[in-house]
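The block underneath contains the structure these notes are about, expressed in structure tokens.
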Amino acid sequence: MGGYICFDFLYVIGEEDYRRYLKKGIFKYCPDKIMKVFGSKIIMDIVDIKENIIGKSFGISPLMPKEKDKFIDEIIHSINNIEERDFKNIVFDSSYIFDNEDILKIERETSFSVADGKMVMAEFLPHVLNEIFQEMKEDLRRKEILIIGEDDPSFYLLVENLSKGIGFLTVTDEKRGYIDELTSNTLEKTGLSIFYSQNVDKILSNYSIIINFKEKNIIDSNKLRKKSVVFDLSRNKIFLTQIKEKTIVPIEDFLFSTKGKIKTNEYFAPEEKIFSNKYELLEQHDYKDFLGILANGREYTIEEFVIIHRSNKIKL
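In terms of the working numbering, the sequence shown opens at residue 130 and continues consecutively.
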């Protein structure tokens, strides 16, 4: 392994965090343009509660290009120049806004997987739904759920987990082949009959819960039922801009505690809480770690979300 310690992931810290790191001590008052000479580098270990190094914090060179394509090219170049390459995944600070094409390019040109949190959201989503509808004092089993599917492991995991505790499930996608096989397997394993519809626009108002995996919109979001609970698991977060109904805001991420899992780390988990993409990289998952949701760019506990959901004041 080249004499290096093997670790699981590389965490690319935010640009501002790296700038503050470089300006410690005698370099506190150095102009940014001088800071560029320090380049990109690994700055800190990420250590679990058993003192194992599970990741490394990595700073990208200050004064990155403003143009998006050049910015991404510089990130790829910096990652490919790292000598310690015994890791499997890359995870980016939430200040980096990448769409699906950006992530695919980074994965393709670095040969590393970018953690996006979709598997964790699929794992925890049934639990989150239960908490939401318990707080609402409504029966989840009587609600109709629509999943806008994608041929992706996270989609299969969610259907498997949901099928154990719901009564009505519809799946839609332009491609039907993989859904037919999934429908047959789910019926055999759980007894749940999944309804498939290629065009659900006429019946969108039937669904209290919408879960999206697609990177492009294939439904008429203007026809969603008011106050429906919407989860957007896509990398592009397409519903954030396309849903205009004021009583609906897509839940875009989950928040987790790192207490009892990793040592305090001022960059990876400064407040002992992290989003799904980081939590995905931790070894053990527990429902007790779930703290809340991210909706419309704001963090809410389940109780807070239900209060604003009822008040018609979600979009602030």
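Don't be surprised by glycine CBs; every beta carbon is placed ideally from N, CA and C. Quick caveat, the model's predicted, so the values are computed rather than measured.
Distance, Cα to Cα, residue 170 vs residue 432?
Their Cα atoms are separated by approximately 41 Å.
Measuring CB atoms only, is the region 244 to 260 touching the region 409 to 425, in the sense that at least three cross pairs come out at less than 8 Å?
The region 244 to 260, when compared against the region 409 to 425, does touch it at the 8 Å Cβ threshold.
Counting C-beta neighbours from all protein chains within 10 Å, is the total for residue 197 16 or more, i.e. buried, or is it exposed?
Counting Cβ neighbours within 10 Å, residue 197 comes out exposed, since fewer than 16 surround it.
By how many angstroms is the C-alpha of residue 302 removed from the C-alpha of residue 327?
Near 6 Å, if we compare the C-alpha coordinates of residue 302 and residue 327.
Taking Cβ to Cβ, would you say residue 325 is nearer than 7 Å to residue 142?
In this structure, residue 142 does not lie closer than 7 Å to residue 325 by Cβ.
Need the endpoints of the alpha helix (DSSP H) that residue 408 sits in, please.
It spans 405 to 408 - the alpha helix (DSSP H) in which residue 408 sits, taken as one unbroken run.
For the beta strand (DSSP E) that contains residue 430, what are its first and last residues?
Careful: residue 430 lies outside any beta strand (DSSP E) and carries neither H nor E.
Which one or two residues does DSSP pair with residue 170 in a beta bridge?
Partner(s): 188.
In chain order, which alpha helix (DSSP H) runs of at least 4 residues are fully inside the region 309 to 371?
Complete alpha helix (DSSP H) runs here, min 4: 368 to 371.
For the region 286 to 301 against the region 267 to 278, are there 3 or more C-beta pairs whose distance is under 8 Å?
Touching, yes.
Label residue 163 either buried or exposed according to how many other C-beta atoms from any shown protein chain fall within 10 Å of its C-beta, with 16 as the threshold for buried.
The residue in question, residue 163, is exposed, as its Cβ has fewer than 16 Cβ neighbours within 10 Å.
Tell me which same chain residues have a C-beta within less than 8 Å of the C-beta of residue 108, skipping the five on either side of it?
Since the first residue shown for the chain is 130 and the last is 445, residue 108 is missing from the structure and cannot be characterised.
Would you kindly work out how many angstroms separate the C-alpha atoms of residue 344 and residue 157, rounded to a whole number?
One C-alpha to the other measures close to 43 Å.
For the 8 Å Cβ check, are there 3 or more pairs between the region 225 to 239 and the region 361 to 369?
These segments touch.
From residue 360 to residue 306, what does the alpha carbon distance come to, in whole angstroms?
Spanning the two alpha carbons is a distance of roughly 24 Å.
Taking all protein chains shown into account, decide if residue 267 is buried (16 or more other Cβ within 10 angstroms of its Cβ) or exposed.
Its Cβ having fewer than 16 others within 10 Å, residue 267 is exposed.
Going by C-alpha to C-alpha distance, which of 151, 178, 313 sits closest to residue 172?
Of 151, 178, 313, the residue nearest in Cα terms is 151.
Taking residue 190 as the reference, give the member of 247, 292, 200, 390 with the closest Cα.
Here the closest residue by C-alpha is 200.
Determine, using beta carbons only, whether residue 385 and residue 403 come nearer to each other than 7 Å.
Yes, these two residues count as a Cβ contact at 7 Å.
What are the boundary residues of the alpha helix (DSSP H) that includes residue 207?
Residue 207 -> alpha helix (DSSP H) spans 197 to 209.
Which same chain residues, not among the five before or five after residue 428, have their C-beta less than 7 Å away from its C-beta?
Here the set comprises 384, 421.
Residue 388 and residue 401: beta carbons closer than 7 Å?
Yes, the pair counts as a contact, with Cβ atoms nearer than the cut-off.
Let's test the definition: count the other Cβ atoms within 10 Å of the Cβ of residue 410 and tell me whether it reaches 16, buried, or not, exposed.
Classification of residue 410: buried, given that the 10 Å Cβ count is 16 or more.
So is residue 357 buried or exposed if we call it buried at 16+ other beta carbons inside 10 Å?
By the neighbour-count rule (16 or more Cβ atoms within 10 Å), residue 357 is buried.
Can you say whether residue 399 is buried or exposed, counting buried as having 16 or more other CB atoms within 10 angstroms of its CB?
Counting Cβ neighbours within 10 Å, residue 399 comes out exposed, since fewer than 16 surround it.
Using a Cβ-Cβ cutoff of less than 6 Å, which residues in the same chain neighbour residue 380 once the five nearest sequence positions on both sides are dropped?
Correct list, in chain order: 360, 422, 424.
For residue 378, count the other beta carbons within 10 Å of its own beta carbon; 16 or more makes it buried, fewer makes it exposed. Which is it?
Counting Cβ neighbours within 10 Å, residue 378 comes out buried, since at least 16 surround it.
Which runs of the alpha helix (DSSP H) at least 4 residues long sit entirely within the region 207 to 267? Give them in chain order.
Within the region 207 to 267, the complete alpha helix (DSSP H) runs of at least 4 residues are 229 to 239, 247 to 265.
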